[in-house]
Amino acid sequence: MAVQLLPELYELILDEVPISDLETLRACCLAASVLREPSQKRIFSYLFISEGSSGHSYAAIAAKMDAFPQLCDYCIALQIDFPGDHPREWQDKQLIAERVLRRFTKVRVVDVRADCPDSFFYDQWWLFDVLQKYTSNSLKHLKLWGLDLTPTLLAKWLGAAARITLDNVRMFEVLPAELLPPVTTTRVTKLQICDYPKGSSELLGRSEFKPYLQRVGELRQVHISEQEQLATCFSLADTLERLELYFDRMSKPMHFPICFPRLRYLFLGFRTFDVPPFMLPLIAQGVPALVELRLRFYVQKGNPANIEHYLGPQAQLLSDLDDALATHSAIKRAEWFVSLEYEAYFKRPVAKKQTALYVAAFREKLAARLPGTCRKGLLVVDGDTRYMWIDVF
1 MAVQLLPELY
11 ELILDEVPIS
21 DLETLRACCL
31 AASVLREPSQ
41 KRIFSYLFIS
51 EGSSGHSYAA
61 IAAKMDAFPQ
71 LCDYCIALQI
81 DFPGDHPREW
91 QDKQLIAERV
101 LRRFTKVRVV
111 DVRADCPDSF
121 FYDQWWLFDV
131 LQKYTSNSLK
141 HLKLWGLDLT
151 PTLLAKWLGA
161 AARITLDNVR
171 MFEVLPAELL
181 PPVTTTRVTK
191 LQICDYPKGS
201 SELLGRSEFK
211 PYLQRVGELR
221 QVHISEQEQL
231 ATCFSLADTL
241 ERLELYFDRM
251 SKPMHFPICF
261 PRLRYLFLGF
271 RTFDVPPFML
281 PLIAQGVPAL
291 VELRLRFYVQ
301 KGNPANIEHY
311 LGPQAQLLSD
321 LDDALATHSA
331 IKRAEWFVSL
341 EYEAYFKRPV
351 AKKQTALYVA
361 AFREKLAARL
371 PGTCRKGLLV
381 VDGDTRYMWI
391 DVF
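Position 39 (the sequence shown) corresponds to 39 in UniProt numbering; numbering is contiguous.
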C-alpha cells in the first residue's frame, strides 16, 4: 500500500529546491499529481517582470495569468524592472501593466529595479499608486535598486512597507523644494541601506525625515566610508534595537553616536583588524541594554605569526574594552569573526584550512588580551571562507 504524505509535507520538501532550479521543479510538476500544485506554487512564488526580457513582458505575463488564473495566488515575490523606453512609449503600456499587477494581491516582497541609467520619476509615482491600491494589505518588504529618487519620492516609498531596502539609489534635489507627503499608517520598522557617499543615508538623517522613521528598530548599512553616511544612524539612535554597520576602508576616524538606550544587538564589520576608538565609550556607557556584540574583520590573507603585529598597538584599547565587556550588566556574547581574503581586484576567500589555522592563532592571542571577557564566558572567535558583506535581510 502506497504511503500518502500530508500536502504540507510535499511543500516542505519542495521548499528545499532553489527557485532558480526550474528544471527540477518542472520535472517534479510532471512526475506525480500530488507534486503538481506544490511545484507550481514554488515555480510561481517568484516572478520577474521586464519589458526588455523575452517572455517576461507584461503582455506575456498577462497571457499566462489568463490561461492559469490560479497562479496569481501563488506569487509572493515580484521583481519589476523599469523599462528603458521613452516615457511616452512606456505610458502607453501602463494600462496592461496595471491589469497584471492588480492580480497579485498576495505578494509580500517587491523588488523594483531600474533597467536603464535614468528611472523616470513619473513612472515611480504611478507604480507606488498601483502597489498601494492592490498590495497594501500584503506587502511586507520593498526593495529599490538603482532608482533615481527625489526627497518626496523617497518619503512616499518609506510608507509602502514595514521593511525597506535602498540599494544604490541616486538622490536628486528638486528646486524649489517640494513639500513632503503626509506620514502614512504603514511605518517602516526595518531599514537597509546599501549606498555610497551622497546617497540616501545622508538625506534620511535630516530632521524632516524623522517622522517617517519613528518606528525603525533595525538598521543595516553597508559601504560606509564617509562621516555623512552615518547621519541616519545618528537620527535613529534613540529607537534602534538592532544595528549592523559594515565599513569600507576609512581615510579618517569617524564620530559615532554616544548612546543607544534601546540597542540589544550590535554588529560591525571592518576591512582592518583595528578596533575603532569609539567602541570603548560606547560599550562602557552607551549601550545599557546590549545583549550581543559581533565584530567582523575582512582582512587580507596573512601569516598567523604576524597577528601580534596587529594587536600590539591596540593593547591599551583592548585592555579597557575587556574591562567594559566584563562589567557590562546585560551582554551575553562578544564575537570576533574573521574572514580572510586574497588581495585581488575581485576578492576571493582563502581556503578553509588556512582560515581555520589563522582563526585558531587569533583566538589564542585575543583571549590573552581579553581575560575578563573570557572568564565571563562571553568571548567567541570564529571564521569561515565566505566573502560576504550582506546577509539575507
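C-beta atoms are modelled at their ideal positions from N, C-alpha and C, and glycine is treated no differently.
For residue i, count the other beta carbons within 10 Å of its own beta carbon; 16 or more makes it buried, fewer makes it exposed. Which is it?
| i | result |
| --- | --- |
| Tyr122 | exposed |
| Trp125 | exposed |
| Cys259 | exposed |
| Asp322 | buried |
| Asp195 | buried |
| Leu127 | buried |
| Lys133 | exposed |
| Phe68 | exposed |
| Leu30 | exposed |
| Gln70 | exposed |
| Pro288 | exposed |
| Glu23 | exposed |
Does the beta-carbon distance from residue i to residue j come in below 8 Å?
| i | j | result |
| --- | --- | --- |
| Leu325 | Leu295 | no |
| Val338 | Gly383 | yes |
| Glu208 | Leu236 | no |
| Ser45 | Ile76 | yes |
| Ala114 | Phe82 | yes |
| residue 394 | Phe278 | The requested residue 394 is not part of the displayed model; the chain covers only 1 to 393. |
| Arg262 | Leu240 | yes |
| Ala155 | Lys140 | no |
| Lys365 | Leu340 | no |
| Lys332 | Val299 | no |
| Thr165 | Gly205 | no |
| Asp111 | Leu147 | no |
What residue from the options has the CA that sits closest to residue i's CA?
| i | options | result |
| --- | --- | --- |
| Val34 | Pro18, Leu22, Thr24, Leu9 | Leu9 |
| Gly159 | Val174, Asp167, Thr185, Thr135 | Thr185 |
| Leu318 | Phe273, Ala360, Tyr358 | Phe273 |
| Val174 | Leu153, Gln192, Thr189, Val188 | Leu153 |
| Ala330 | Lys190, Ala27, Leu266 | Leu266 |
| Ile283 | Asp320, Gly302, Asp248 | Asp320 |
| Asn168 | Leu370, Trp336, Gln192 | Gln192 |
| Trp336 | Leu147, Thr327, Gln354, Ala361 | Ala361 |
| Leu144 | Val109, Ser138, Lys252, Lys41 | Val109 |
| Val188 | Leu142, Glu228, Leu101 | Leu142 |
| Arg249 | His223, His255, Pro257, Arg264 | His223 |
| Leu243 | Pro253, Met254, His255, Leu230 | Leu230 |
| Ser20 | Glu11, Phe48, Leu6 | Phe48 |
Assuming residue i is part of the alpha helix (DSSP H), what are its boundary residues?
| i | result |
| --- | --- |
| Leu142 | It is not in any alpha helix (DSSP H) - Leu142 instead sits in the beta strand (DSSP E) that spans 141 to 145. |
| Ile164 | Element bounds for Ile164: not the alpha helix (DSSP H) but the beta strand (DSSP E), 163 to 167. |
| Gly312 | Unbroken run through Gly312: none, as it is neither H nor E. |
| Cys374 | 371 to 375 |
| Gln132 | 121 to 135 |
| Lys156 | 151 to 157 |
Where do the ends of the beta strand (DSSP E) carrying residue i lie?
| i | result |
| --- | --- |
| Tyr298 | 292 to 300 |
| Gly269 | 265 to 270 |
Inset, instruction - Return the chain-ordered ranges of every beta strand (DSSP E) run that is complete within the stretch 182 to 257 and spans a minimum of 3 residues. - result: 190 to 194, 218 to 224, 242 to 247
Legend entry - Completely contained beta strand (DSSP E) runs for the stretch 28 to 112, where each covers 3 or more residues: 46 to 50, 77 to 82
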